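In our numbering, the protein residues as written are 99 to 454.
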């Protein structure tokens, strides 16, 4: 069973996806207390709460050896919603904690997750620097970034995220990002829709409280069509909303995957039910993020929303975990990854990201 060291773990969506495919998390870290409570409830006492920069993976005996490092390093400084300070932002350089742990433990592979905005931050310089830094680790890693839309892998949500997979060069393992399993193309399973995801959700007892909603908010939501957002409201209506982003008063469409579930924001950003004129409950948001019903989140309503919205959808990484498994089982034909690294290094970042 491949052993995981997990950084920036949050409530554990990335870990859960890998554990569901036969991996085991042996050490984890996050600094948010409520997220740590959620993680411990589901994964056991492997969580080490606190500032990641305070841990020394080289000398701390509590940090075990591992086969793979997972980490969804903080994304706010790379998000397209913000101003993209990228590597110059307060949190942009926290990916270097991933570098430290990988350098210290030298796992056979690692998977780093981030928002789509990382590809354009600092006019594309951020992703080039991050790849260069990961690539230069000893004993050397072949870096394969790829932009995923998790709806293409069975999640009932259009959610684009970058997965950066690193394979240790001396393994000779020829990793390929898995091709989509769901979609409208030939031979693919149909998308999992929001309507399918929410079937029977009203019977789930955990994290399923409905929010108090004002009559004005109900009226605003009732003016928005299935799958629509605030732009459906006529500009001359007394209920017109001056929104800036498509997240505002966005309703699900029952016959499509949901739009992206987000972690925080003020009025109008919760994600909204259809046909009922109300915000989604946290359990409904968890269903759309592909969490099982017995996955209980700890904290108040706002904190649980944050945990769910920041998480990697577990089902979305099943195929990645499956594609990596032969590396740990030793069941693969070796290739010359040093030569492959030379070949990939000559390609523009845009082309490397498109490769499977």
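The beta carbon of each residue, even a glycine, is placed where N, CA and C say it ideally should be. Bear in mind that the values here come from a model prediction, so they are computed numbers and not experimental data.
In the DSSP annotation of this structure, the continuous segment of the beta strand (DSSP E) that includes residue 243 starts and ends at 239-247. Closest in C-alpha terms to residue 315, from the list 346, 230, 333, 298, comes 346. Between the beta-carbon of residue 355 and that of residue 291 there is about 6 Å, and that keeps the pair under the 8 Å contact cut. The three-state reading of DSSP puts residue 277 in coil, since its state is none of H, G, I, E or B. Only residues of its own chain outside the window of five on either side were considered, and among them 370, 375 have a CB closer than 6 Å to the CB of residue 319, listed in chain order.
Nearest in C-alpha terms to residue 382, of all of 413, 408, 350, is 350. Pairing residue 379 with residue 269, the inter-Cα distance amounts to about 45 Å. DSSP, reduced to helix, strand and coil, places residue 207 within a strand of the structure shown. A residue is called buried once 16 or more other Cβ atoms fall within 10 Å of its Cβ, and residue 195 is buried on that count. DSSP, reduced to helix, strand and coil, places residue 328 within a helical segment of the structure shown.
Take the alpha-carbon of residue 249 and the one of residue 441: they are about 31 Å apart. Its Cα nearest to that of residue 450, the residue 274 stands out among 274, 145, 134. Between the segment 295-313 and the segment 323-343 there are fewer than three C-beta pairs closer than 8 Å, too few to call the two in contact.
The C-beta distance from residue 197 to residue 232 rounds to 7 Å, short enough to meet the 8 Å contact threshold. About 19 Å separates the Cβ atoms of residue 137 and residue 120, ruling out a contact at the 8 Å cut-off.
Under the Cβ criterion (8 Å, minimum of three pairs), the segment 141-148 does not count as touching the segment 219-237. Between residue 132 and residue 397 a beta carbon distance of about 3 Å is seen, short of the 8 Å cut, so the two are scored as contacting.
For residue 402, the closest of 362, 386, 424, 437 by C-alpha to C-alpha distance is 362.
Boundaries of the beta strand (DSSP E) harbouring residue 127: 122-128, taken from the DSSP string.
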